[in-house]
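K.L.:
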Amino acid sequence: MKLRSIIYYQSLFCFPISVLSFINILYSSYFDYYLNLSAYLVTLILSLTVGLIFLIFGKKSEKRINFYEQILLILLTYIIISGLVSLPYYLSIYQISFIDALFESFSGLTLTGFSIFDNIKQIDPTLILWRSSSQWIGGLYFLFFLILIFSNKQFMYKMNDLTFSGDVNNVESNIKNSLFKIFICYFILSIIIFSVLLISDVRLFNSLNLTMTIVSNGGFLPTNSLIQIISTPGQELNLIICLILSCLNIFLIFNIFSIKKILSEHREDIFILVFILFFSSLLLIFLKEYEINKIIISVLSSVSNSGIAIIKMPENISLFFLLLSIIGGSLISNSGGIKLMRIYILLKASSGEILKLVRPNNIINQNILFSNKKITSDYIKISFLIFISFFISLFILSGVLIFDDLNFETTFKISLLTLTNTTNSELYGVNNLNFINLLTSSKIALIIFMIVGKIELISIFLIIKRFFFKN
């Protein structure tokens, strides 16, 4: 195990936290918010110190690490960076316990959006900005992981090869090029969403924070309710545009002006749009009293795994929105869930097997989304394994949460939302849950499965296999 190499790469993830701390210090100084200024100073100094120590320790190490070491790097990144992000919460004037500070930071970095804060209006604006920026940096980190680590051809359970054609390997120039391309796409998407919100007459502060929530598919809001930010039909329409962009392939930004590339490399995105349109239309049939904009926002929020809601939906259809969150968006995005592509492969493979029994002499079309790529046995096995591991995780987490003061329905819904990294809201009927009152064991379990929701349970099994079953 190349520990020095892992520590070297870990150092590179510490420095962006220093940048965020410095931005908050400038913001606090400019607007005279001095209540939590010392907390950001401590975070700046500590993140720089840890980053420099790690950098010096691992500078002369071998820079090539294998897949197992890369997975360990991801786990350490979530743990160490969450520890740094938790400092402003813990050192703030609000007397937040260490476990609650960690819970809030993990929730932000994993883009889940569960919060210990009951009333956002009582929070210092700098801490609101810190919450939102933790989501933004968490979304960027995950996209780095998704392309540079989970595109490994030997362990392709993220199936990135179906929607990502880039050449990512251990050649340093290719890695730097991929990192730069991801950052540019993410940054441009952030600028687009921010601009769309601004022209909608959304306050500058709210636009900035909401942008970081939407682009990362997180769930933190700068107000107690989204309706306090988005209140007019024009704002709702622009929010729809922003949510659509957030659940599609991040590289669509580079190919948006090429119809040929969209048709060849973004078939998944086209199917996601058709999927959203279909279910929005279906809801309109049964919920005629609701406006079309609000229904589309609810569907998009669930598919993108953001979970932010503009209206309260009937309690009896909350499971419908939970189902949408389980399905999720594009493979190359910050959305969670099992993913539409994997479910599509399972359904098509299953229907194909049934047709073989009924009409054994027929030739079954095994093309993926009408492309030249075929559904192989490996794709089927991986999709089925992800499907099974998701429900194993659901069973384990529900089993832990049931010991808390929660009824079965709430336990089930929270477990589903945790594994899909979707915030609790009016869409799912669990918006009144106060996470600060949960048992410490429940908070720790939620933190663990927030990470599992991002990296898949298979990653944990691979690490266990590597350390305990080397032979």
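Sequential numbering of the sequence shown, starting at 1291, is according to our numbering. Backbone N, C-alpha and C fix where the C-beta goes; we use that ideal spot for every residue, glycine too. Note that the coordinates shown come from a computational prediction; the quantities given were computed from them, not determined experimentally.
Does the segment 1600-1612 come close enough to the segment 1623-1636 to have 3 or more Cβ pairs within less than 8 Å?
P.N.:
no
K.L.:
Which word fits Phe1765, buried or exposed, when buried means at least 16 other C-beta atoms lie within 10 angstroms of its C-beta?
P.N.:
A question about residue 1765 goes unanswered here, because the residues of the chain that appear run from 1291 up to 1761.
K.L.:
Is the segment 1418-1426 touching the segment 1506-1516, taking contact as three or more C-beta pairs under 8 Å?
P.N.:
yes
K.L.:
Judging by CA-CA distance, which residue of Phe1477, Glu1581, Leu1334 and Lys1663 is the nearest neighbour of Ser1506?
P.N.:
Phe1477
K.L.:
According to DSSP, is Lys1664 helix, strand or coil?
P.N.:
In this structure, Lys1664 counts as strand in the three-state DSSP scheme.
K.L.:
Just to confirm my understanding: we take Gln1300, look at its own chain, exclude 5 residues before and 5 after, and list those with CB closer than 7 Å. What are they?
P.N.:
So the list reads Phe1344, Leu1363, Leu1366, Thr1367 and Ile1370, once near-sequence residues are dropped.
K.L.:
Considering only the alpha carbon of each residue, which of Ile1586, Asp1559 and Leu1717 lies closest to Leu1572?
P.N.:
Ile1586
K.L.:
Span of the alpha helix (DSSP H) holding Met1631?
P.N.:
Leu1630 to Val1648
K.L.:
Helix, strand or coil, according to DSSP, for Asn1714 in the structure here?
P.N.:
Looking at Asn1714 - three-state DSSP - the assignment turns out to be coil, as it is neither helix nor strand.
K.L.:
For Leu1399, count neighbouring Cβ atoms within 10 angstroms of its own Cβ and tell me buried if that reaches 16, exposed if not.
P.N.:
By the 10 Å Cβ count, Leu1399 comes out buried.
K.L.:
Would you check if the distance between the CB atom of Ile1355 and the CB atom of Lys1292 is smaller than 8 Å?
P.N.:
yes
K.L.:
Rounded to the nearest angstrom, what separates Ile1315 and Phe1396 at their Cα positions?
P.N.:
Cα-Cα distance, rounded: 22 Å.
K.L.:
Kindly indicate which residue of Leu1675, Glu1699 and Met1740 has the alpha-carbon position closest to the one of Leu1723.
P.N.:
Glu1699
K.L.:
What are the boundary residues of the alpha helix (DSSP H) that Leu1325 is part of?
P.N.:
Leu1325 -> no alpha helix (DSSP H), and no H or E assigned at all.
K.L.:
Measuring alpha carbon to alpha carbon, tell me which residue in Asp1408, Leu1645, Leu1487 and Asn1450 is nearest Glu1558.
P.N.:
Asn1450
K.L.:
Work out the CA separation of Phe1393 and Ile1692 for me, nearest whole Å.
P.N.:
19 Å
K.L.:
May I ask you to list the residues that DSSP assigns as paired with Asn1657?
P.N.:
Lys1664
K.L.:
Going by CA-CA distance only, name the one from Lys1744, Lys1448 and Asp1408 that's closest to Phe1674.
P.N.:
Lys1448
K.L.:
Should Ile1519 and Leu1500 be called a contact, given that it needs their Cβ atoms to be closer than 8 Å?
P.N.:
A Cβ-Cβ contact shorter than 8 Å links Ile1519 with Leu1500.
K.L.:
Give the C-beta separation of Asp1694 and Leu1729 to the nearest angstrom, bearing in mind that I take them to be a contact with Cβ-Cβ under 8 Å.
P.N.:
5 Å
K.L.:
Can you give me the C-alpha to C-alpha distance between Leu1567 and Asp1668, rounded to a whole angstrom?
P.N.:
31 Å
K.L.:
Taking the Cβ atom as the reference point for each residue, do Thr1701 and Thr1402 lie within a distance shorter than 8 Å?
P.N.:
no
K.L.:
May I ask you to report which of helix, strand or coil DSSP gives Asn1652?
P.N.:
coil
K.L.:
So, do the segment 1736-1751 and the segment 1677-1689 have three or more beta carbon pairs nearer to each other than 8 Å?
P.N.:
With the cut-off at 8 Å, the segment 1736-1751 and the segment 1677-1689 touch.
K.L.:
Under three-state DSSP, which class holds Asp1390?
P.N.:
DSSP, reduced to helix, strand and coil, places Asp1390 within a helical segment of the structure shown.
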